[in-house]
Each structure stands twice: as structure tokens, then as C-alpha cells.
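K.L.:
Sending over a structure as C-alpha cells; questions will come in a sec.
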DNA sequence: CTATTTCCAGTACGACGTACGATAATTGCG
DNA sequence: CGCAATTATCGTACGTCGTACTGGAAATAG
């Protein structure tokens, strides 16, 4: 049994090395040569374990999806969905490349399916039709990705942008924006951490409530 | 005045050519050489008009943002936000590369600012604090991008995925997913077009309502 | 042992973004 | 007019990417 030369590495090793690089240096730093170097292999050897780079990214997504600790299902959809969103957010913050890599990915692998399963379980008490449940899950995922992307971009809007905005506002024709800036300038600092729970809570509660009442 | 050799093209020509390519063949097909070929220039000539490719994508985003017909402000936030979301959706469907290009972009240029202005105007009657208004606008944009991405991916889940899902479900351990599939299989066909208005309406109404009541 | 199977990895190709530098076109000054 | 100064054009070239190809290395089956 097991004829031929035995593999020197495993698919998981390759995927984990890619994830490690992406976590620290970003998705753009993940190249086949770089991965090979990290695990001590020739660049072309990777193609024994992975068909191509695109598929590798799919595998990366699915693998980190398997690292989330499953959230407990209490039976209260609001609590459970919020917990699910929170665990997703934690995942995306631990792997900042994830929000960017997520769109346009075929959800290959079981881990993405177990995420769906959890979402469906959380929404079970609502009694909504299955397609609506799936839509709500997709929307929540998108919301979390949007939020985390904004979060990771940092609240510092870069000096060049401040200049641009100030200039445009001074040029006139944007009264509400000018008012918002003025209000923001004299307002308090950033509200801090609980922003996510607040916004996600609003969206989840609002979305499900509306869905139930229609 | 205007010393030196006169430019043979304009920045707008370059950006428009890039948009034209992206619309038809996707963002990946937008290369400097390809753009140059389309407008009849040498590849390096483009750098007279654009500092680098990354900036070019910024310009593409801002330029298509200027093509949206401004939505009328009725004073009813629900109607106005829904119209704004609808116009964004139309824009993203006309330029399918937009949802993918949008994240991680500095919002350079006035067109993005006028979009913000419109959102703020729509939210004006709510009397919410300015930062909350901006958060809501960002969330709605993210929602539209998520929805359109899903829309453009097509409702056909590709045979390989169907096989994967079926297999995983048959393996057990995913009861809610199995139930959802069963329910979906015997259910009616796709609800069709009004999906967007329905989902966006739920989210917008729910989000703003929740924000107002807290 | 030999044959077979499997994996390893060097070389190489085409495409990418773009730095560099020679060349061309235009204006201002004499 | 000619001649510098200025600005745009674009061919060439470099380093990097994904990956096709290929010959060699390491294991098992007989």
C-alpha cells in the first residue's frame, strides 16, 4: 500500500503556512515561492497539494472558518445571532485578510457549512422560511465584513483625505456634510469598543423583526 | 502658456478606457498595457496621467460614482434611503467590478462626497447624531455591495457545490441545514426581482428604527 | 534486482507593474 | 528665424508573479 515516494509535507501544512503569512503580512504577500520557502520546499512542490493559488485561498478561508469556537444556542435568536456575529468579527480581526478574501469565494469545505448550520439553528425559533433565513445569514456576514473592514482601516482618515474633504466642503454645495463635520468636530471622541454590539444588535433586531412582521 | 509637448490624451480618457475594460472583462483584465492599447498609446505614457495603478482604481471608483442620477429627497427617510440604496445597486450592477473594488479604497474625489451628502440629507429628518448617520450610510453601502455580489454570482450554486453540500448533509450532524434544503427543494422557485427592495427595506427600516429607539 | 508509481524541484515562459532614458513636440526668448 | 527650456511619448528592461514542463529521486510490488 501507499506506493511511490511519500509526500514530504501535507496540504494542511501548506494552507497553514499561507495563513500565517497572510495574517502577518497581508494577502498580497502570500506567493507560492514564499510559502514554499517557509515550509522548506521547492516552489513547484506545492502543486502536489493544491491545484492552484485560487483554490489555495478557498482552502485558507475554509480552514480559518474551522477555528471558531461554536457559539452556544440559547434559543433566543437575538442573543444567538449577536454571538454568532461576534465570533465572526473575532475571526476576521484575527485574520485581517478574511473580509477581502471572502467575496467571490465558493464556500468549499465543511466549515462554512457548519457556520450556516449555526445560523440556521439560531434562527430556528423565528419560524421564518428557510430562504429568508439564509438571506439573513448572508446579510449578517456581509455586515460583519463591512464593519471589520472599516475597523481595520483605522479611524484615522489620513491627512490627504482631511484636506480633500475640507476643501470640498469649503467649496460649498454640501451643506449636510458640512454640518456633520461641524457636529463631529465639537462632539466627543470615538465611542470605543461597544460600537459593534450596538450596530450589529440594531441591524439584527431590526432585520428579523421586520421579516417577522411581513 | 502651456509649454512643452501637448498631451495626446487626458486622464479621463485613461480612466474611461479602464472602466470600459473592467465592465466587460472584469477588473483583472485591466492592465496598463491593455488600457494603453485601447486608447492607442504606449504603456508608459499612461503614467503621465496617473501616478500608479492603485490610484487609477481609485479614480475609476470615483468616476463611476459621478454617473449616478441623484435621487430626489422627499423628506421621508425610509423612501429616500431605499431610493439611494436602489441607485447604488443599479450602479454596481452596471459596473460589476465595483463591489470588489470598493473596500480598502480611500474615497478620493468629490463624487463619493456627494454620495455621503445625499445619505446625510436622507437621514436629516431622523435627527440622529452625525456619527450614527455616517455609520448607517456605511452599513447600507456594505449591505448593497453584499447583495449585489451575491446577485452577480448567480443563483446557480455550481454542480460541484451541490455535490459537496449534499454529501456533507448526508454525513449527518447538520440537521437545520438538511431541513432548510428539504424545505427549499419542495418550495417555490426564486421570488425574483423585488428581493432587493424587500431586504433593503427591512434592513433600513429596522436599523433606523432601532437607532431612534435607543 | 527491475518496473512502477509518486513526489520533488530546477528551469523557463509569458504577463504584470513600472523605473529609466532617449526622442519628439511645443513655447518663450533672442 | 534659431536655440534653449519644457513637457509628453514610448521602447527597453528589471524584478516578480503563477505555473507548465521535465528529468531525477524515493518509495513499493513483483
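Protein chains in written order, with my numbering: chain A, 18 to 231; chain B, 18 to 231. For every residue, glycine included, the Cβ atom is placed at its ideal position computed from N, Cα and C. Small disclaimer: the values here were computed from a predicted structure and weren't measured.
Give the residues from the segment 30-55 of chain A that approach chain B closer than 7 Å (Cβ to any Cβ), ordered along the chain.
P.N.:
Listed by position along the chain: nothing, the set is empty.
K.L.:
Is residue 87(A) close to chain B? Criterion is C-beta to C-beta, closer than 8 Å.
P.N.:
If you number the first chain from 1, residue 87(A) lands on position 70. For residue 87(A), the answer is no, since every Cβ of chain B falls outside 8 Å of its Cβ.
K.L.:
Report yes if the CB atom of residue 80(A) is closer than 8 Å to the CB atom of residue 32(A), and no otherwise.
P.N.:
Mapped onto the first chain, residue 80(A) falls at position 63. Mapped onto the first chain, residue 32(A) falls at position 15. Going by C-beta atoms, residue 80(A) is nearer than 8 Å to residue 32(A).
K.L.:
Where does residue 75(A) land, buried or exposed, given buried means 16+ other C-beta within 10 angstroms?
P.N.:
Position 58 of the first chain holds residue 75(A). It counts as buried.
K.L.:
Run through chain A and tell me which residues come within less than 7 Å of residue 75(B), C-beta to C-beta.
P.N.:
The sequence position of residue 75(B) within the second chain is 58, counting from 1. Per Cβ cutoff of 7 Å: no residues; residue 75(B) is ~11 Å from chain A at best.
K.L.:
In the segment 134-150 of chain A, which residues sit with their C-beta less than 8 Å from some C-beta in chain B, listed in chain order?
P.N.:
Listed in sequence order: 134, 137, 138, 141, 146, 147, 148 and 150.
K.L.:
Which of helix, strand or coil does DSSP assign to residue 90(A)?
P.N.:
Position 73 of the first chain, counted from the start, is the residue given in the question as residue 90(A). Correct three-state label for residue 90(A): coil.
K.L.:
Report the rounded CA-to-CA distance for residue 207(B) versus residue 184(B), giving the unit in angstroms.
P.N.:
For this step, residue 207(B) is matched to residue 190 along the second chain. For this step, residue 184(B) is matched to residue 167 along the second chain. Only weak support exists for where residue 207(B) lies, its pLDDT of 48 falling under 50; the value from the coordinates is given anyway. Computed Cα separation, rounded: 24 Å.
K.L.:
DSSP state of residue 37(B), grouped into three classes?
P.N.:
For the purposes of this step, residue 37(B) is identified with residue 20 of the second chain, where counting begins at 1. Helix.
K.L.:
Excluding the 5 residues preceding and the 5 following residue 161(A) in the sequence, name in chain order all residues of the same chain whose CB lies nearer than 6 Å to its CB.
P.N.:
As a working note, residue 161(A) is residue 144 in the first chain. Correct list, in chain order: 102, 105 and 106.
K.L.:
Quick one: which residues of the segment 159-179 of chain A get their C-beta closer than 8 Å to a C-beta of chain B? List them in chain order.
P.N.:
Residues passing the 8 Å Cβ filter: 159, 160, 162, 163, 164, 166, 167, 170, 175, 177 and 178.
K.L.:
Go to residue 148(A), then tell me how far its alpha helix (DSSP H) extends in each direction, as first and last residue.
P.N.:
To locate residue 148(A), count along the first chain from 1; it is residue 131. 147-169 is the extent of the alpha helix (DSSP H) around residue 148(A).
K.L.:
Per DSSP, what kind of secondary structure is residue 121(B) in: helix, strand or coil?
P.N.:
By 1-based counting over the second chain, the position of residue 121(B) is 104. Reduced to three states, the DSSP call for residue 121(B) is coil.
K.L.:
At what residues does the alpha helix (DSSP H) containing residue 222(B) begin and finish?
P.N.:
For the purposes of this step, residue 222(B) is taken as the residue at position 205 of the second chain. Counting along the chain, the alpha helix (DSSP H) containing residue 222(B) begins and ends at 212-229.
K.L.:
Less than 8 Å separating the beta-carbons of residue 175(A) and residue 123(B)?
P.N.:
As a position in the first chain, residue 175(A) is number 158, starting the count at 1. As a position in the second chain, residue 123(B) is number 106, starting the count at 1. Result yes, Cβ atoms of residue 175(A) and residue 123(B) sit closer than 8 Å.
K.L.:
Hey, how far is the Cα of residue 143(B) from the Cα of residue 225(B)?
P.N.:
As a first step, residue 143(B) must be located in the second chain, where it is residue number 126. As a first step, residue 225(B) must be located in the second chain, where it is residue number 208. Those two C-alpha atoms are separated by around 8 Å.
K.L.:
Run through chain A and tell me which residues come within less than 7 Å of residue 194(B), C-beta to C-beta.
P.N.:
Within the second chain, numbered from 1, the residue matching residue 194(B) stands at position 177. Within 7 Å Cβ-Cβ: 130, 133, 134 and 137.
K.L.:
For residue 99(A), which of 231(A), 228(A), 166(A) and 222(A) has the nearest alpha-carbon?
P.N.:
Position 82 of the first chain, counting from 1, holds the residue named residue 99(A). Nearest C-alpha to residue 99(A): 222(A).
K.L.:
Runs of 3 residues minimum, wholly inside the segment 19-86 of chain B: which ones carry the beta strand (DSSP E) assignment?
P.N.:
Whole beta strand (DSSP E) segments, 3+ residues: zero.
K.L.:
Quick check on DSSP: helix, strand or coil for residue 193(A)?
P.N.:
By one-based count along the first chain, residue 193(A) stands at place 176. Residue state, collapsed to three classes: helix.
K.L.:
Just the C-alpha distance for residue 133(B) and residue 213(B), rounded to the nearest angstrom, thanks.
P.N.:
Start at 1 with the first residue of the second chain, and residue 133(B) comes out as number 116. Start at 1 with the first residue of the second chain, and residue 213(B) comes out as number 196. Cα to Cα, residue 133(B) sits roughly 21 Å from residue 213(B).
K.L.:
Would residue 80(A) pass as an interface residue toward chain B - the criterion being a Cβ-Cβ separation below 8 Å?
P.N.:
Numbered from its first residue, the first chain carries residue 80(A) at position 63. Output row for residue 80(A): interface = no.
K.L.:
Quick check on residue 139(B): does DSSP put it in helix, strand or coil?
P.N.:
Within the second chain, numbered from 1, the residue matching residue 139(B) stands at position 122. In this structure, residue 139(B) counts as helix in the three-state DSSP scheme.
K.L.:
Does DSSP classify residue 113(B) as helix, strand or coil?
P.N.:
Numbered from 1 along the second chain, position 96 holds the residue referred to as residue 113(B). Note: residue 113(B) maps to coil in three-state DSSP.
K.L.:
Pick helix, strand or coil for residue 188(A), following the three-state DSSP scheme.
P.N.:
The count along the first chain starts at 1 and reaches residue 188(A) at position 171. Reduced to three states, the DSSP call for residue 188(A) is coil.
K.L.:
With DSSP collapsed to three states, give me the class of residue 208(B).
P.N.:
In the second chain, residue 208(B) corresponds to position 191, counting from 1. With a pLDDT of only 49 at residue 208(B), under the threshold of 50, the placement of this residue in the model should not be trusted; the figure read from the coordinates follows. In this structure, residue 208(B) counts as coil in the three-state DSSP scheme.
K.L.:
Count the other CB atoms, across all protein chains shown, that sit within 10 Å of the CB of residue 179(A); report buried if there are 16 or more and exposed otherwise.
P.N.:
Your numbering for residue 179(A) matches position 162 in the first chain. Classification of residue 179(A): exposed, given that the 10 Å Cβ count is below 16.
K.L.:
Return helix, strand or coil for residue 199(B), following the three-state DSSP convention.
P.N.:
Counting from 1 along the second chain, the entry for residue 199(B) is found at position 182. Of the three classes helix, strand and coil, the one that applies to residue 199(B) here is helix, per DSSP.
K.L.:
Between the alpha carbons of residue 149(A) and residue 157(A), how many angstroms are there, rounded?
P.N.:
Within the first chain, the letter at position 132 stands for residue 149(A). Within the first chain, the letter at position 140 stands for residue 157(A). Cα to Cα, the separation comes out at about 12 Å.
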